[in-house]
Each structure stands twice: as structure tokens, then as C-alpha cells.
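>
2 protein chains.
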Amino acid sequence: MTKDDLPSPALLIDIEALEANIAKMSQHARAHSLQLRPHAKTHKCPEVARRQIAAGASGICCATIREAEAMAAAGIAGLLITSEMVGRNRLERLVALTRQQPDTMSVVDNPLHAEQLNDAAEAAGITLNVLIDIDPNLHRTGIQAGAAALELAEKIDRLPHLNLQGLQCYSGISSHVVGFAERRKHSEAAMTPALETFFTIRQKGLPVEIMSGGSTGTYNIDTALDGMTELQTGSYVFMDVDYRSIGGASGAVYDDFANALFVRATVISANHAGLATIDAGFKAFATDRPHLPEIRGIEGVKYHFAGDEHGILDIKEASREIKLGDALEFIVPHCDPNVNLFDKAYVVRDEEIVDAWNIARGYN
Amino acid sequence: MTKDDLPSPALLIDIEALEANIAKMSQHARAHSLQLRPHAKTHKCPEVARRQIAAGASGICCATIREAEAMAAAGIAGLLITSEMVGRNRLERLVALTRQQPDTMSVVDNPLHAEQLNDAAEAAGITLNVLIDIDPNLHRTGIQAGAAALELAEKIDRLPHLNLQGLQCYSGISSHVVGFAERRKHSEAAMTPALETFFTIRQKGLPVEIMSGGSTGTYNIDTALDGMTELQTGSYVFMDVDYRSIGGASGAVYDDFANALFVRATVISANHAGLATIDAGFKAFATDRPHLPEIRGIEGVKYHFAGDEHGILDIKEASREIKLGDALEFIVPHCDPNVNLFDKAYVVRDEEIVDAWNIARGYN
Numbered sequence: 147m148t149k150d151d152l153p154s155p156a157l158l159i160d161i162e163a164l165e166a167n168i169a170k171m172s173q174h175a176r177a178h179s180l181q182l183r184p185h186a187k188t189h190k191c192p193e194v195a196r197r198q199i200a201a202g203a204s205g206i207c208c209a210t211i212r213e214a215e216a217m218a219a220a221g222i223a224g225l226l227i228t229s230e231m232v233g234r235n236r237l238e239r240l241v242a243l244t245r246q247q248p249d250t251m252s253v254v255d256n257p258l259h260a261e262q263l264n265d266a267a268e269a270a271g272i273t274l275n276v277l278i279d280i281d282p283n284l285h286r287t288g289i290q291a292g293a294a295a296l297e298l299a300e301k302i303d304r305l306p307h308l309n310l311q312g313l314q315c316y317s318g319i320s321s322h323v324v325g326f327a328e329r330r331k332h333s334e335a336a337m338t339p340a341l342e343t344f345f346t347i348r349q350k351g352l353p354v355e356i357m358s359g360g361s362t363g364t365y366n367i368d369t370a371l372d373g374m375t376e377l378q379t380g381s382y383v384f385m386d387v388d389y390r391s392i393g394g395a396s397g398a399v400y401d402d403f404a405n406a407l408f409v410r411a412t413v414i415s416a417n418h419a420g421l422a423t424i425d426a427g428f429k430a431f432a433t434d435r436p437h438l439p440e441i442r443g444i445e446g447v448k449y450h451f452a453g454d455e456h457g458i459l460d461i462k463e464a465s466r467e468i469k470l471g472d473a474l475e476f477i478v479p480h481c482d483p484n485v486n487l488f489d490k491a492y493v494v495r496d497e498e499i500v501d502a503w504n505i506a507r508g509y510n
Numbered sequence: 147m148t149k150d151d152l153p154s155p156a157l158l159i160d161i162e163a164l165e166a167n168i169a170k171m172s173q174h175a176r177a178h179s180l181q182l183r184p185h186a187k188t189h190k191c192p193e194v195a196r197r198q199i200a201a202g203a204s205g206i207c208c209a210t211i212r213e214a215e216a217m218a219a220a221g222i223a224g225l226l227i228t229s230e231m232v233g234r235n236r237l238e239r240l241v242a243l244t245r246q247q248p249d250t251m252s253v254v255d256n257p258l259h260a261e262q263l264n265d266a267a268e269a270a271g272i273t274l275n276v277l278i279d280i281d282p283n284l285h286r287t288g289i290q291a292g293a294a295a296l297e298l299a300e301k302i303d304r305l306p307h308l309n310l311q312g313l314q315c316y317s318g319i320s321s322h323v324v325g326f327a328e329r330r331k332h333s334e335a336a337m338t339p340a341l342e343t344f345f346t347i348r349q350k351g352l353p354v355e356i357m358s359g360g361s362t363g364t365y366n367i368d369t370a371l372d373g374m375t376e377l378q379t380g381s382y383v384f385m386d387v388d389y390r391s392i393g394g395a396s397g398a399v400y401d402d403f404a405n406a407l408f409v410r411a412t413v414i415s416a417n418h419a420g421l422a423t424i425d426a427g428f429k430a431f432a433t434d435r436p437h438l439p440e441i442r443g444i445e446g447v448k449y450h451f452a453g454d455e456h457g458i459l460d461i462k463e464a465s466r467e468i469k470l471g472d473a474l475e476f477i478v479p480h481c482d483p484n485v486n487l488f489d490k491a492y493v494v495r496d497e498e499i500v501d502a503w504n505i506a507r508g509y510n
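Chains as they are written, first to last, in the numbering used here: chain A, 147 to 510; chain B, 147 to 510.
Written out as C-alpha cells, the structure reads:
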């Protein structure tokens, strides 16, 4: 199967870039004596997770119960669901998942939710493993660091069907701060109260072992934080336009990891000089950030969105001819929601399609 | 099954509102002696299409080959694929689809593409039905109205394996112009050259029967255009925040059709007075427009995006208490890409879940 056999638009994974990214992050975590539990919210793909585990990851983070079920079905253990599993449907599925993979963890940020988890575990005759989710002062999820978190830890310790294993603090905003020095400052400010709380809870004699956090944007910042035990980086496997723009430790482009994810699209209309229309719009590229898709391997081409199924390329300055029927490849604006638009990723090695991997996207 | 059994977030269809919308648009088309070929790009759902056909639609428009395959598999005929089927994968699938449903049509805007379609049809020993796609001066897809379109029509007429059935002109921008009078002006300016071309081609003796166009935003504008033979409205089945904001023929809110599509989400964190975090962010709500999700049935609540899996509600002014675990329903910003985020829509009648319909989303 070659690229020309693919449906269009199609999601492509460059397997060599992917494997290099996985190896580099694993090596980084090892070098800093940190566990690595990469986040599957980026790829939603057991085949990627298997490669992360094989390279030394201690488990896989998931954002949704559906991602976690897909990972468990593929035999992957060490799952940490990083969102609060609130509501009957989620609780039932978390119980079933924990029966399948007993070391599964999820997070809790509220005493009422802790009681609901305990009740569900008791009814099922199992123990649920939890981390306390600490608010990095975003007020999105998490309990406030300090006294409130300690009180919750003590409460969970008294609940017989919950097993408190540690803390999580994920500062999503820190990850996207532009400029390395500013990003370090932001992440340190966000993480420090959580780390202090981790030590406080340990000093009280509670057996917490895990302090999980960090992201692709801060992977080489959070290693310097005293108390971190594991990184939950996600986007490094694929990279995107957004992450490249935040700047690296030494340079305006963050290129610590290679672009491994592309959307391949086709020129389906070309009736005007200097313009070409491709079959990839709002339903093929993520639109949640100001960033636009960037064409691969051709200079001087600008993309703009032109509806659900179309993008228009300004090709007046293009470094090569672009014509009707041409297939073109693009770096995506934001990898996580972009992957979620496709059911399959086609795996490319040396221009050949060597595999097609299923993506556990959506919410069913 | 009740709403409380659903995964969260979940896509809901209010069946009574859906059926009322379908009936109203069908009645409108009949009253103006127009065919109605509703667009499946909105719903991607054979169950909705079946109801549109049962109410009198002459067929179904599709934006992608995948949508069309899903419709054909459900036995739906009269398919018009409104995007240019360029590229080997699409041509092969168009041929297979036409074998299955011989009245299937697709569009062409370029003589080279016409030859490719003719070659594919010849190789398969079939005839492919086509409409000429006319550019409503957007330079997205379509050939220029007038001489260029006439020349393409004459070329297609000479190609033995193509059957020219008419024209399409879809002015997506007109549909979203705010204010009824401005919208009418925009649509008339966009559509008039196409309609003139339609008459010119007929006067040359070419047997074109179909002049297809129109959208939910212009359904009661394009009826006044001399020459239109069918409407390809889509969003009216579901409606969304965007369409409500464009204004109706008599009023600031466009409410000719009822809201029939909702995302149901759950409050998964509520640790701060005046705020509640739900489990629906960039992966549950379309982000391609400036519009935000609007809560259903509660006053004084504002949503803002807070990442892939989260939205934060400002509930300081909420007309009722909102607490951890509450399930809330939202009108979506833009229905078409929002439906594309889900694999299933749950069908609600009188608060009961009466069915779950598959959505042919994505591109495989």
C-alpha cells in the first residue's frame, strides 16, 4: 500500500520520527531518575502506548475512560486516568477497568467524590487507587494545595476501599508559555505548592509515593523540581505548530522533538492563479488555537481555513508548482484534538504505508 | 435507558424538535415547488436522512465519499456528493458507489477532472452523473459562471461516459451574513451569475435539469431566485448558536427551526464559589467559530473553554444551584463539526433515551 492508495484527507504517523521521540523522552526521564507515564490523550492509540512502555515507561496516562479501556484491552497496565471519574457511567466503567487492571489509578479533588469512589469500590468488593489532584491555581480541576489537600488526604486514608498513592498537579497553561525562562518561572510557581503539599502529606506518615505532573512544554523544567517522581508528557510523540512556537531552551523554535504527525490532503480545485483548494478544513485540522496548518517540504505556501471540508492555499510564492490532484502534507496546529478527528492513523516508513493504527477517539 | 446511563459528554438529539424541523423545511420546499435534497454533512446519519426522505426529500447531499457510502449502505438513493471527487481513492469509491446507486451524482469544476471522471467511468463500463460546480465568487471550489462554465458543459456533453444533469452553486458565506436584508443581498449577488449560466446552458440545448444550492441561512431567500430547482439545506435539522445569531426574516434571533442538538456534560469539579468545571472542552464542542456553547434551561451561566476535556462555567449569576455531579445540556456552537466529534447520537423523547444512531464521521 502506498500513500496514493489512502483516503484523503488522511492522518499520517512518521514511524521513525515517532520512535526517535519516544526514545529521547525515555532517556531524559531515566537520566533524571524520574518515572515516565506518557499521556495517551495525545495519541489515543494502543500501538503508540506499547512502544512507550517498551522504551521504559512505567504506565500510561489517560484523559478519558474510553482511552483507558482501549489501553487495558491492549494489555497495557499502570494506567492513570488524570480526570475526575464523576458520574454513574464513569464509576461503573472505572470499577470494571480496575477489575481488569488492578493497578489502575484515577484522581480525586473533592471529599464528596472520594466518598462516591469509596462507595462504588465497596459495592464492587474492590479497592480503587487514587491520586489527589492539586489545583495549579487554574481553578479548572484540583483541590487547593496545603491544608485542604492534607485534609482530603487524611479523609481518603480513612476510607477503607480507597488506596491513596500520591498526588497529581498538571499545569496545562505553563506548558504553552512562550519563552523558556518565562515558562520555567510559570511552571515553578504553579508546581511548588503541590510539591510542598506532597512533602507535608508524607511527613504526616501517609504512604504517598507518586508526585505526577509535567508536560512536553516543561519536561526539561520540571526535572529540576525537588519532589517530582514522574512525568506525564504527551505531545512529544507527535509535536505540532503550537508547540514549535513556544521556543526551546536554546532557540526560538522548540525542536527538541521531531514532527511525527501529518495530515495528507489533496488539491481538489485549482481554477485561479496563485490559489489551490485542498480537502481539509475544520473537520481535518484542529481549530482551538490561533495556529494554522503548515505545509511540509514546500516553502512560501500559506493555508487558511475555508469551511468544514476545505482549506485554501496561497501558492503565489510557492517554491514548487502545485496543481490539481497533488497530495500535500501538513503539520497540524494542535496534535491532541487533531488526532481526535480521525479513526485511523496510517503509519509511514520510507514513503510506504506499513500499518494502520486505530484511534480510540470520542466518548462512547 | 435514561439520560443518567449515558457516557459523558454525550451528543443528544431531541427527536420531536428534529421531526418538526424536517417537516417544516419539507413543507417550505413543496410550497415553493422546489426539490429538497438536504445536506448530510450536518448529521452524517442515515437515520436522519431516512426521515428527510420520508418527509419528501428527493435525495441527500453528502460532502464526503464516506458520508455517501453510509447513506447508500442504508438504501438511500438520490445522492449528490457536493465536493469534487479528485484522486484515485475517491474515484474508485465513486465508481463502486454508482454501481450500488446508479443515480448518484458528483460535481466537477475543471475540464481535466471531467476527463478523469470520464476515464474512470469508461474503465468501469458505467456512466457517472455530474453537476457543474459554479464558483459563487469565493474562489474555493467551482468554475467561473458564464463562458468558462458553458465551455465545460459542452466538453462534458461530448464525453461519452459522463451524464451532465445540471449545476450546483453553494455560497457558504452568504448563509452566515448577519441580518436578513444583507443576507438576501449577498446571496442574490452570489447566485445570480450561476442562474444566468443555467439558462444559457439550457438555451444551448444541453439537457440540464438541476440547479442546486441554498442553505439554512438562505432557505427563504433563494426561493425567490428564478431558476433554482432544489435546495441543499443542512443545518436546519439541528440548529446551533451560530445560526441563531444571524437574525431571522423578522427578528434578531433566527429561530425558524428549533434546537434539536445538544451536548450533555457533567460537572466534574466544583471547588470554587461561582465556578464549575464540566467534562466538555475542545474535543466535545466545535471551536471553528467565535461562538461558545450555550447552556440549556438555566439563565445566567457563561461557558469558556478550558482545554481538550474541560470547560469552566461562570455560575455566579446562575438561576439555579449547580453542583458536583450535575448533568447539564448545551446548544453547540456550530452543529456540523460538532456532530463530527461523536460516534453516536443518543435520541431523546420525553427525557427517555429511545435510540442511539451511528454517525459516519471522519474520512476512512
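Here a beta-carbon is modelled for each residue, glycine too, at the ideal position from N, C-alpha and C.
Going along the chain, which unbroken runs of the alpha helix (DSSP H) with 4 or more residues stay wholly within the stretch 291-370 of chain B?
293-304, 326-349
> List the whole-angstrom C-beta distance separating R464 (chain A) from V447 (chain A), where the pair is believed to meet the contact cut-off of C-beta under 8 Å.
Looking at the sequence itself, residue 464 (chain A) is Ala, so the reference to Arg does not match. Confirmed, Cβ separation roughly 5 Å.
> When we look at the beta-carbon of L512 (chain B) and count the other beta-carbons within 10 Å, is it buried (16 or more) or exposed?
Any answer about residue 512 (chain B) is impossible in this case: the structure gives chain B only from 147 up to 510.
> Distance cutoff 8 Å, beta carbons only. Does R286 (chain A) sit that close to anything in chain B?
With its beta carbon less than 8 Å from one in chain B, R286 (chain A) belongs to the interface.
> Please classify A395 (chain B): is it buried, with 16 or more other beta-carbons within 10 angstroms of its beta-carbon, or exposed?
exposed
> Answer yes or no: does any C-beta atom of chain A fall closer than 8 Å to that of Y509 (chain B)?
yes
> Could you give the first and the last residue of the continuous beta strand (DSSP E) run that contains R410 (chain B)?
Where R410 (chain B) is concerned, the enclosing beta strand (DSSP E) stretches over 407-415.
> What does the alpha-carbon distance come out to for the pair H480 (chain B) and I211 (chain A)?
26 Å
> Is there contact here, the stretch 369-387 of chain B with the stretch 169-185 of chain B, by at least three beta-carbon pairs under 8 Å?
yes
> Could you run through the stretch 224-235 of chain B and flag, in chain order, every residue whose CB is less than 7 Å away from some CB of chain A?
S229, E230, V232, G233, R234, N235
> With 8 Å set as the bound, which would you pick, yes or no: does the beta-carbon of N486 (chain A) sit closer than that to a beta-carbon of chain B?
yes
> Per DSSP, H450 (chain A) forms a beta bridge with which residues?
Assignment of beta-bridge partners to H450 (chain A) by DSSP yields A:I458.
> Compile a chain-ordered list of the residues in the stretch 356-376 of chain A whose CB is closer than 7 Å to at least one CB of chain B.
none
> Beta-carbon separation of A411 (chain B) and L487 (chain B) under 8 Å?
no
> By the 9 Å beta-carbon criterion, what residues does the stretch 249-272 of chain A contribute toward chain B?
D255, N256, L258, H259, Q262
> Quick check on this structure: which residue in A:T338, A:T273, A:T433 has the alpha carbon closest to the alpha carbon of H450 (chain A)?
A:T433
> Taking Cβ-Cβ distances below 9 Å as the criterion, which residues of the stretch 431-457 of chain A are in contact with chain B?
A432, T433, D434, R435, F451, A452, G453, D454, E455, H456
> Report yes or no: is there a C-beta of chain A within less than 8 Å of the C-beta of D386 (chain B)?
By the rule that beta-carbons nearer than 8 Å mark a contact, D386 (chain B) does not touch chain A.
> When DSSP labels each residue in this structure, what does T228 (chain A) get in the three-state scheme?
strand
> Any beta-carbon of chain A closer than 8 Å to the one on F476 (chain B)?
Taking CB atoms only, F476 (chain B) has no neighbour in chain A less than 8 Å away.
> By a C-beta neighbour count over all protein chains shown, 10 Å radius and 16 as the cutoff for buried, is P483 (chain A) buried or exposed?
buried
> Thinking C-beta only, is A406 (chain A) closer than 8 Å to M374 (chain A)?
In this structure, A406 (chain A) does not lie closer than 8 Å to M374 (chain A) by Cβ.
> To the nearest angstrom, report how far apart G508 (chain A) and D489 (chain B) are at their CA atoms.
For G508 (chain A) and D489 (chain B), the distance between alpha carbons rounds to 7 Å.
> Are the C-beta of F428 (chain B) and some C-beta of chain A separated by less than 8 Å?
Chain A contact via Cβ: present.
> So with CB distances below 7 Å, who are the chain A contacts of I499 (chain B)?
Result: empty, since nearest Cβ-Cβ is about 12 Å, beyond 7 Å.
> Distance check for L313 (chain B) and V383 (chain A), CA to CA, integer angstroms please.
Rounded to the nearest angstrom, the gap between the Cα atoms of V383 (chain A) and L313 (chain B) is 46 Å.
> Give me the subset of the stretch 316-347 of chain B whose CB atoms are less than 8 Å from a CB atom of chain A, sorted by chain position.
G318
> Given this structure, state the Cα-to-Cα distance separating I228 (chain A) from R304 (chain A), to the nearest angstrom.
Strictly speaking, residue 228 (chain A) in this sequence is Thr, with Ile absent from that position. Distance between the alpha carbons of T228 (chain A) and R304 (chain A): 22 Å.
> Quick check: the stretch 199-216 of chain B against the stretch 434-443 of chain A, are at least 3 beta-carbon pairs closer than 8 Å?
no
> Check each residue of the stretch 188-222 of chain A: if its Cβ is closer than 9 Å to any Cβ of chain B, include it; give the result in chain order.
A209, T210, I211, R212
> Counting only the same chain and skipping the five closest in sequence on each side, list residues whose C-beta sits under 6 Å from that of S391 (chain A).
none
> Within 8 Å (strictly less), CB to CB, does T423 (chain A) reach chain B?
yes
> Leaving aside the five residues before and after Q262 (chain B) along the sequence, list all residues of the same chain whose C-beta is less than 8 Å from its C-beta, in chain order.
V232, L237
> Express the C-alpha separation of N504 (chain B) and R514 (chain B) in angstroms, rounding to a whole number.
The question about residue 514 (chain B) has no answer, for chain B in this structure spans 147 to 510.
> Could you pull out every unbroken alpha helix (DSSP H) segment of at least 4 residues lying fully inside the stretch 232-268 of chain A, listed in chain order?
234-246
> Classify I159 (chain B) as helix, strand or coil using the three-state DSSP reduction.
strand
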